[in-house]
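Peer 1:
In my numbering, the protein residues as written are 210 to 594.
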């Protein structure tokens, strides 16, 4: 990959919002599929839908790529415009905390309150520790807290830790360039896997891998590389924006994920698939993002196709959807009549999740968005992650 001169649009990319919406709906569909036992035994159509939805959890890796794209955008835009490209540590965290923490704290309080009312979170030293770990976004470092209050919040903790790693990534990129930086990120994944294996064999202890930040750094870094390509700061090979390769890459990553499901978990093949599976999703979604950004530039009159516009509308409040949909699944789903056809129940749950998320967004998230993030427009935007 070569560094080149700047030459890219500014403004908002509808395609990035649309991919955020697709990722969020994929995660919702994944959890709707898990609720299949409640909705009733699926017929053929339901089984097909459930199988497809079972890959929706991969939306997490798409979120990571998009996060790297969006977080690195400010630096990349400054560099592309010929200004001094730097990120002030304190100002960066002021923006991140103001943007992300208020809705997160509201959602966290809601989950804690519901669990307490239901008797599933009694006052105890461990409960205080659990809530404290979630408040500090460190709950993904302990196997006892990683999935407790909300099963999806572990990804938010990874995001916060990758924001810290962003400053190291900037130094690596400035000193050695992108090839070495990407190599370091991959090495971090391999080193974490090796550490987890050694600790398990020597001490019998378990270190979380998928739920840790270091193994996902590579995927996040691909998003940062993607935004530099979008802004004309680096030139990537043509294959990195091929639509056909994007489709094939997603299919290949899905095949590896399925193979991991059916492989003997104690065997060497499963460990190999586990090592390469997430990075394959990351590479596939890296190509998807590049292809989507390139495609948007060719839209007639700058107007997105209808489906893309709908996905972008969901993408605008995807953070709220991510924060709240498990509450809908775990509790509001009881309002749906048991035994409904699987497809009907899943659609009702998904629609209800979107409606609740939209209301949550209006009250608890939108007031904390920057003016630039609220105002739509063409081109690349500071879409918050």
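Heads up, the beta-carbon is just placed ideally off N, CA and C, and yes, glycines get one too.
Using only CA atoms, which one of 455, 534 and 576 lies nearest to residue 558?
Peer 2: It is 534.
Peer 1: Could you round the C-beta distance between residue 483 and residue 469 to whole angstroms and report it? I think they count as a contact, below 8 Å.
Peer 2: About 6 Å; that satisfies the 8 Å criterion.
Peer 1: What does the alpha-carbon distance come out to for the pair residue 238 and residue 555?
Peer 2: Approximately 8 Å, taken between the alpha carbons.
Peer 1: Check the C-beta distance from residue 371 over to residue 302 and give it rounded, since I have them as a contact under 8 Å.
Peer 2: Actually they do not touch by this definition, with Cβ atoms about 13 Å apart.
Peer 1: Pop quiz: residue 401 and residue 423 are said to be a contact at Cβ under 8 Å. What is the actual Cβ separation, rounded to whole angstroms?
Peer 2: Going by Cβ atoms, the distance from residue 401 to residue 423 rounds to 4 Å, so yes, they are a contact pair.
Peer 1: Can you tell me which of the three DSSP states residue 507 falls into?
Peer 2: It is coil, neither helix nor strand.
Peer 1: Quick check on this structure: which residue in 552, 528 and 551 has the alpha carbon closest to the alpha carbon of residue 565?
Peer 2: Cα-wise, what sits closest to residue 565 is 528.
Peer 1: To test your reading of the DSSP string, which unbroken alpha helix (DSSP H) runs of 4 or more residues are found completely within the region 303 to 370?
Peer 2: For the region 303 to 370, whole alpha helix (DSSP H) runs of length 4 or above, ordered along the chain, are 334 to 344.
Peer 1: Going straight from the alpha carbon of residue 501 to that of residue 474, what length do you get?
Peer 2: For residue 501 and residue 474, the distance between alpha carbons rounds to 36 Å.
Peer 1: Measure the beta-carbon distance from residue 398 to residue 390 and round it to whole angstroms, keeping in mind my assumption that it falls under 8 Å.
Peer 2: That pair is no contact at about 14 Å.
Peer 1: Taking the alpha carbon of residue 415 as the point to measure from, which residue in 574, 355 and 432 has its own alpha carbon closest?
Peer 2: Considering only alpha carbons, the answer is 355.
Peer 1: Report yes or no: do the region 287 to 307 and the region 255 to 272 share at least 3 C-beta pairs separated by less than 8 Å?
Peer 2: No, the region 287 to 307 is not in contact with the region 255 to 272.
Peer 1: Where are the beta strand (DSSP E) runs, 3 residues long or more, that stay fully inside the region 381 to 466, in chain order?
Peer 2: Those beta strand (DSSP E) runs which fall completely within the region 381 to 466 and span 3+ residues do not exist here.
Peer 1: What is the rounded straight-line gap between the Cα of residue 464 and the Cα of residue 287?
Peer 2: Those two C-alpha atoms are separated by around 40 Å.
Peer 1: Which whole-angstrom value is the C-beta distance of residue 230 and residue 477, which I expect to be below 8 Å?
Peer 2: In fact, because the Cβ distance is near 38 Å, the residues do not count as touching under 8 Å.
Peer 1: Given a threshold of 16 other Cβ atoms within 10 Å of its Cβ, counted over all protein chains shown, does residue 327 qualify as buried or as exposed?
Peer 2: Exposed: under 16 other Cβ atoms inside 10 Å.
Peer 1: So, helix, strand or coil for residue 526, using DSSP?
Peer 2: Residue 526: coil per DSSP, three-state reduction.
Peer 1: DSSP state of residue 263, grouped into three classes?
Peer 2: In the structure shown, residue 263 sits in coil (DSSP, three-state: anything other than H, G, I, E or B).
Peer 1: State yes or no: is the C-beta of residue 364 within less than 8 Å of the C-beta of residue 272?
Peer 2: A contact, by the Cβ cut-off of 8 Å.
Peer 1: Could you tell me the distance, in whole angstroms, from the CA atom of residue 267 to the CA atom of residue 491?
Peer 2: Approximately 9 Å between the Cα atoms of the pair.
Peer 1: Check whether the Cβ atoms of residue 489 and residue 323 lie closer than 8 Å to each other.
Peer 2: Result no, Cβ atoms of residue 489 and residue 323 do not sit closer than 8 Å.
Peer 1: Let me check understanding here. Comparing Cα to Cα, which of 487, 467 and 380 lies closest to residue 420?
Peer 2: Per the Cα distances, 487.
Peer 1: In whole angstroms, give me the CA-to-CA distance for residue 345 and residue 297.
Peer 2: The straight-line gap from Cα to Cα measures roughly 21 Å.
Peer 1: Please go through the same chain and pick out, in chain order, the residues whose beta-carbon is closer than 8 Å to the beta-carbon of residue 449, but skip the five residues on each side of it.
Peer 2: Hits under 8 Å: 438, 495, 496 and 499.
Peer 1: Can you give me the Cβ contacts of residue 254 inside the same chain, cut-off strictly under 7 Å, excluding the 5 residues immediately before and after it?
Peer 2: Closer than 7 Å at Cβ, skipping near neighbours: 552.
Peer 1: Output the distance between the C-alpha atoms of residue 471 and residue 373, rounded to the nearest integer angstrom.
Peer 2: For residue 471 and residue 373, the distance between alpha carbons rounds to 36 Å.
Peer 1: Just curious, the alpha helix (DSSP H) that residue 290 is in, first and last residue?
Peer 2: Residue 290 -> no alpha helix (DSSP H), and no H or E assigned at all.
Peer 1: Under the rule that 16 or more other beta-carbon atoms within 10 Å means buried, what is residue 240, buried or exposed?
Peer 2: Buried is the call here.
Peer 1: Would you say residue 325 and residue 520 are within 8 Å of each other, going by their C-beta atoms?
Peer 2: Cβ atoms of residue 325 and residue 520: not closer than 8 Å.
Peer 1: Just to confirm, is the Cβ distance from residue 442 to residue 293 under 8 Å?
Peer 2: Not closer than 8 Å, so no.
Peer 1: Can you list, in chain order, the residues of its chain whose CB lies under 6 Å from that of residue 575, leaving out five sequence neighbours each side?
Peer 2: Correct list: empty, nothing qualifies.
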